[in-house]
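Residue 63 in the working numbering is what sits at position 77 of the sequence shown, and the numbering runs on without skipping anything.
Glycine is no exception: its CB is placed at the ideal position from the N, C-alpha and C atoms.
Notes follow the structure.
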Amino acid sequence: MNWFSKTIEQSVKAALLPELQEMSGKLNRLEGKLGSVEQRVDRLANTFQEFRTEVIRRFERVDQRIDGLQAEVTQRFDQVTQRFERVDQRIDGLQHEMNRRFEGMNQRVDTLHGDMHHRFDAFNQRLDNALSQIVSVQALEERVKRLEARVGSSG
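Set out below in structure tokens:
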């Protein structure tokens, strides 16, 4: 029985050997293709990392520009506010002097006072516009932060 088992084993090996050799060759080719695919994936990963780095760098530049614009708008807003306060103080001083000197001209003073409030309202409208621009800049900054967060979470 031992001789019979060995003969069957040798026959099976002889029959399967060409098929096993063919499968081994296919596996070798697949391994070669897999290596090529791995290299391509590595190149894509490197390219994506470079792209991600560039996008982050650009967002940082935009963020810096936004900060600069916001600082400039704030500085201008402060300057305009200071000028308005000086003008307002001058108007108050003139109004007081006029009341002291020309008590009989109350109607004229009331008219000037109304004009001052009209100018104040017009200036408030300009201030509201400036604040709206500041809010727009802040909204843009929030969008940039969200994009940075998205880019950061996808990397």
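C-alpha gap between residue i and residue j, whole angstroms
i: Ala31; j: Arg47; result: 24 Å
i: Gln35; j: Ile42; result: 10 Å
i: Asp101; j: Glu128; result: 40 Å
i: Arg15; j: Thr39; result: 36 Å
i: Ala57; j: Thr33; result: 36 Å
i: His103; j: Val121; result: 26 Å
i: Gly11; j: Trp(-11); result: 32 Å
i: Leu13; j: Glu24; result: 16 Å
i: Thr(-7); j: Leu2; result: 14 Å
i: Glu5; j: Asp28; result: 34 Å
i: Gly21; j: Gln7; result: 21 Å
i: Ile77; j: Arg105; result: 11 Å
Under 8 Å between C-beta atoms of residue i and residue j
i: Val59; j: Val123; result: yes
i: Gln81; j: Leu98; result: yes
i: Phe45; j: Leu133; result: yes
i: Asp49; j: Val137; result: no
i: Leu126; j: Ile52; result: yes
i: Phe70; j: Phe109; result: yes
Contact set for residue i: own chain, Cβ-Cβ below 7 Å, skip 5 residues either direction
i: Leu55; result: Val123
Collapsed DSSP secondary structure at residue i in the structure displayed
i: Phe(-10); result: helix
i: Phe37; result: helix
i: Phe70; result: helix
i: Phe106; result: helix
i: Phe63; result: helix
i: Phe88; result: coil
Own chain residues within Cβ distance below 6 Å of residue i, not counting five before or after
i: Gln(-4); result: none
Chain-order list of residues whose beta-carbon lies under 8 Å from that of residue i (same chain, five-residue window excluded)
i: Gln61; result: none
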